[in-house]
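Residue numbers (the working numbering), protein chains in the order written: chain A, 7 to 482; chain B, 52 to 295. In what follows, a single structure is set out as structure tokens and then discussed.
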Amino acid sequence: MKVASQDFLQQAHEALRAKDKVERRDLLGQFMPAARDAAANAYGDFDGLRAHMKRVRGHTTEHLAHYLQQFEEAAVAHGNQVHFAATAEQLNSTVLSICQTHNARRVAKGKSMVTEETGLNELLLKAGLEVLETDLGEYIIQQAGEAPSHIVGPAFHKSLAEVRELFLAKHKLGERALESVSDIVEEARGVLRERFLAADVGIIGANALIAEHGTTMLVTNEGNGDLCANLPPVLIICTTFERLLPRAEDAMALQRLLVRSATGQSHTCYTSFYSGPRREDDVDGPLETHIILLDNKRSDILASDYHEILDCIRCGACLNHCPIYIGVGGHAYGWVYPGPMGSVLTPLLTSLEQSHDLPNACTSCGRCAEVCPANIPLPDLLRDLRQEESAQQLKPARWRRGLRLHAWLLRQPVLYQRLTGWSMSALGLLGKRRGAFRRMPFASGWTSQRDFPAPEAGGTFMRQYAARKRRGGRRG
Amino acid sequence: MVTCLADLMRPSVGFSAIRLLERAGCRVTVPEQQTCCGQPAYNSGEIDAAVPVAQAVIETFEPFDYVVIPSGSCAGMLSHHYPALFEGEWRERALALSAKTWELTRFLTEVALLPAPKRAALEAAVTYHDGCAGLREMGIQQQPRQLLQEQCGVQVQELTENQVCCGFGGTFCARMPEISGKMADDKLNHAVASGAKVLAGGDLGCLLHLAGRAKRRGLDLEIRHIAELLAGNPKGPGIGEGRQ
Ligand code: SF4
């Protein structure tokens, strides 16, 4: 997918002007955190589970080579073909060549953020294949020609009315009411089922790779992943090495964290484990299975100070809890991953130069880190990226100079107090009547949205305090 | 420590804090050479510029038993972020400062307790905005409510979504003013809906930002730092209000 993160501010501006969408997101921002909190509280020691998972992940990355090898060997023993793709292009071309080997014409896809990241659909379409997204949300945005706005609910930005219009236009099914959510779901189901049966290749993602058994785990609510995996003769699983976990029970712990954090459920409708191609006595299943492990700069991230972002389990809680994500929505971020996790990942997976506004779209409020099931210190990582932004001189020079001058002044207390004492007294006098200024030189960012409150009359604290001390008065 | 914003914009917060601490039996000094904790540079990623500021603060406050700050965010900076800036000897010194740094309301409820007040209850409907750093880094949530109850006889009328950021975020509010303005509006709408006439908070950054936005929108809300309310029925204008 093309990166449009450099236009974050403009995109955010447009997003904030669409009032109906703003209202929808505000509701999402109330509903999703409430659901997550209720589920986490009902679980009991959710924080203990988070800490446990953190240790498991730490152990896994420490012994990554070992577990990777164990996974590969076990997966191959089940009859899977395992591929490694260093770059997005490599993953895409591996998928394409598998499709071409089988003379495939139709591909059915389950929800996969990895293939969003690599822009797989575009390549397959260009090569003349028919690509069908089968997750309801993904299907909706595919029909609408849009990108996902949320990593869990890709079509959260669409209202029921919009989906209705879309389906009426795209599905030639004659007169019908299509008024309720269940009507919509029924219709999508009907349309999709037929096409599942015709698919030559199924493509899905994975929520966990289990090293001890060489199996992959997928968590869905619609069961479409299972149909993609079992009906077409060829299955391709597109994933990345940070999904790796040592044991099946670790995957179960992850599942408990994931569903509660993502949707507030205690279980999703389907949690499936895929071991490999159909065995002799099996009644169904694919004839051939491939697992592609994408790196795409992840090895670099692993070796960097940002390695904790690789613990992300893609639950979306940080998006739902981020007032900035809720304010501007996913599309404003301009790439595949939005919200706090996206503001860390996008600069690392694309380039900071293109996306350095994203780490600044943060007030360090800490709400994301508070709920992140993987205990990723997101605000710290974002601050580190801002430091890098500064080091690479990407920050507006005016800002950088101002901040550094201010920091320097702070270390010259006498000069600082003289300057501030004088200017605050002046401002205090000027603003005494109205109590605030509508405009203020050098502070247009502030005053574009708010008045600038005038300092209290009487001069700075330090000045008044010194005067009181001189007068010998102890009391304030 | 008097925060830079209290020093420059709202000295009465500093004087109120001094009065409260003295009432609780403390001997209070504001060192002459104190300026600011260095958070603007730090949060904007200018870490190397923030380090010498932090060192100056550490040195300045070394002689004291407690460092009490009328701000959750500055207290969080000293307690949580300073130690992360250093290694070796300076880290030890930062940790020592961290251990004795307190946010004002927590200090007044856990270390030096305020005696029962002698004055009448505050006749006002008050709502409270929890600053994020205070809430998440310093564990400030029930302390200001408790103090408002005990000292002013006020039961806080809670904001819906009271754990959500108001959109100040230091330089964020000037770098992304539109998003910040939207967040301020959400907070102010909740404040109006709460039925309160006074919006109190523990961080001047949030309060100046909210007051500026409230003034722009012409909202009838009196915005004050909690120290002002606790120190005694304040008579001067609220933040961003003129003298009528
Ligand atoms: S960063 Fe944490 S909260 Fe955000 S999606 Fe990943 S796991 Fe979930």
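Glycine included, each C-beta is placed from N, C-alpha and C at the ideal position.
- With a threshold of 7 Å, the Cβ atom of G464/A does not count as near the ligand SF4, since no heavy atom of the ligand is closer than that.
- Secondary structure within the region 261-303 of chain A: not one fully enclosed alpha helix (DSSP H) run of 4 or more consecutive residues is present.
- The region 135-187 of chain B is shown to contain whole alpha helix (DSSP H) runs of 4 or more residues at 139-150 and 155-161, in chain order.
- R285/A sits away from P292/A, with the two beta carbons spaced by 8 Å or more.
- At least one beta carbon of chain A lies nearer than 8 Å to the beta carbon of H260/B.
- By the CB criterion at 8 Å, M234/B and C257/B fall outside the cutoff.
- Cβ atoms of G451/A and P228/B come within 8 Å of each other, at about 5 Å.
- Listed in chain order, the non-local C-beta contacts of K60/A below 6 Å within the same chain comprise N381, local neighbours out to five positions each way being set aside.
- Beta-bridge analysis with DSSP links M60/B to no other residue.
- Taking 7 Å as the cut-off, the C-beta of R320/A counts as close to a heavy atom of the ligand SF4.
- From the beta-carbon of P461/A, the residues of chain B found nearer than 7 Å are L59 and M60.
- Annotation: the continuous alpha helix (DSSP H) that includes I147/A extends over L142 to A150.
- Taken through DSSP and simplified to helix, strand or coil, K248/B comes out as coil.
- For K303/A and N326/A, the gap between their C-alpha atoms comes out near 27 Å.
- For V334/A, the nearest beta carbon of chain B is closer than 8 Å to its own beta carbon.
- Cβ contact annotation for L233/A (same chain, cutoff 6 Å, sequence separation greater than five): F202, in chain order.
- Straight-line measurement puts the Cα of L272/B at about 13 Å from the Cα of D236/B.
- Using a Cβ-Cβ cut-off of 7 Å, F137/B is close to nothing in chain A; its nearest Cβ partner there is about 16 Å away.
- Counting along the chain, H412/A sits inside no beta strand (DSSP E); it lies in the alpha helix (DSSP H) bounded by residues A403 to L416.
- By the rule that beta-carbons nearer than 8 Å mark a contact, G89/B touches chain A.
- The C-alpha of H273/A lies about 18 Å from the C-alpha of C378/A.
- Relative to the ligand SF4, even the nearest heavy atom lies 7 Å or more away from the CB of V81/B.
- Distance from the CA atom of R294/B to the CA atom of M60/B, rounded to whole angstroms, is 16 Å.
- Counting of Cβ neighbours within 10 angstroms places N109/A among the exposed residues, the total staying below 16.
- By the neighbour-count criterion, in which 16 or more other beta carbons inside 10 Å mark a residue as buried, S188/A falls on the exposed side.
- In this structure V119/B touches L155/B by the C-beta definition: roughly 6 Å separates them, less than 8 Å.
- In this structure, the ligand SF4 has a non-hydrogen atom nearer than 7 Å to the beta-carbon of A323/A.
- Between A338/A and the set Q148/A, E20/A and G270/A, the nearest pair of CA atoms involves E20/A.
- A distance below 6 Å between beta-carbons, with the five flanking residues on each side excluded, links H84/A to the following residues of its chain, in chain order: G220, S281 and G282.
- When secondary structure is reduced to three states using DSSP, R23/A falls in the helix class.
- A straight line joining the alpha-carbon of H72/A with that of D116/B spans about 52 Å.
- Of the candidates G89/B, A57/B, R267/B and Q90/B, A57/B places its Cα closest to the Cα of V81/B.
- Interface criterion not met: the Cβ of D256/A is under 8 Å from no Cβ in chain B.
- Taking the Cα positions, F219/B is about 12 Å away from A367/A.
- The nearest non-hydrogen atom of the ligand SF4 is less than 7 Å from the C-beta of L384/A.
- Secondary structure of Q202/B (DSSP, three-state): helix.
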